[in-house]
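Asks: Below is the structure I would like to discuss, written out as structure tokens.
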Amino acid sequence: MTYQQLLEKTKDIDLEKLRVFLGMRSNLIDSMSLYRDGDEWVELHIDDMQHTFEFRGTEEDVCESTYMYIRMKLELGY
Numbered sequence: 108m109t110y111q112q113l114l115e116k117t118k119d120i121d122l123e124k125l126r127v128f129l130g131m132r133s134n135l136i137d138s139m140s141l142y143r144d145g146d147e148w149v150e151l152h153i154d155d156m157q158h159t160f161e162f163r164g165t166e167e168d169v170c171e172s173t174y175m176y177i178r179m180k181l182e183l184g185y
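Per our numbering, residue 108 is the first one in the sequence shown, and the count goes up by one each step.
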């Protein structure tokens, strides 16, 4: 999935409520960000203990992972 496809699939989802930020880096506790860093795409998670987890990869891999994370949050009722 490309970044544009991800934006299209999530256009009706309140991402701010889920604390998901697309296209920018967030430093908020319990949030997830997806952004581009040079030639790499980055999925950044900050948990409730302020631990930071970063996944870097291709646009397709990172966008697909981000979409799965959003779907999981929705299914869990966040």
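Built from N, CA and C at the ideal position, the CB exists for glycine as well.
Give the DSSP-derived three-state secondary structure of residue 177 in the structure shown.
Replies: Locating residue 177 in the sequence shown gives position 70, where the first residue counts as 1. Looking at residue 177 - three-state DSSP - the assignment turns out to be helix.
Asks: Among 116, 169, 135, which residue has its Cα nearest to the Cα of residue 148?
Replies: Mapped onto the sequence shown, residue 148 falls at position 41. The shortest C-alpha separation from residue 148 is found at 169.
Asks: With H, G and I counted as helix, E and B as strand and the rest as coil, what does DSSP make of residue 191?
Replies: Within the shown structure, residues of the chain are numbered from 108 to 185, placing residue 191 beyond reach of any answer.
Asks: Three-state secondary structure (DSSP) at residue 113?
Replies: The residue labelled residue 113 in the question sits at position 6 within the sequence shown. Three-state DSSP puts residue 113 in a helix.
Asks: Between which residues of its own chain and residue 110 is the CB-CB distance below 7 Å, once the five residues before and five after are set aside?
Replies: In the sequence shown, residue 110 corresponds to position 3, counting from 1. If we look at residue 110 and ignore the five residues flanking it on each side, its Cβ neighbours are 166, 170.
Asks: Could you check whether residue 185 and residue 125 sit closer than 8 Å to each other, using their CB atoms as the reference points?
Replies: As a first step, residue 125 is located in the sequence shown; it is residue number 18 there, counting from the start. As a first step, residue 185 is located in the sequence shown; it is residue number 78 there, counting from the start. In contact: residue 125 and residue 185 (Cβ atoms closer than 8 Å).
Asks: Note down, in chain order, each residue of its chain lying with its Cβ closer than 8 Å to the Cβ of residue 113, except the 5 sequence neighbours on either side.
Replies: Start at 1 with the first residue of the sequence shown, and residue 113 comes out as number 6. Correct list, in chain order: 129, 141, 170, 173, 174.
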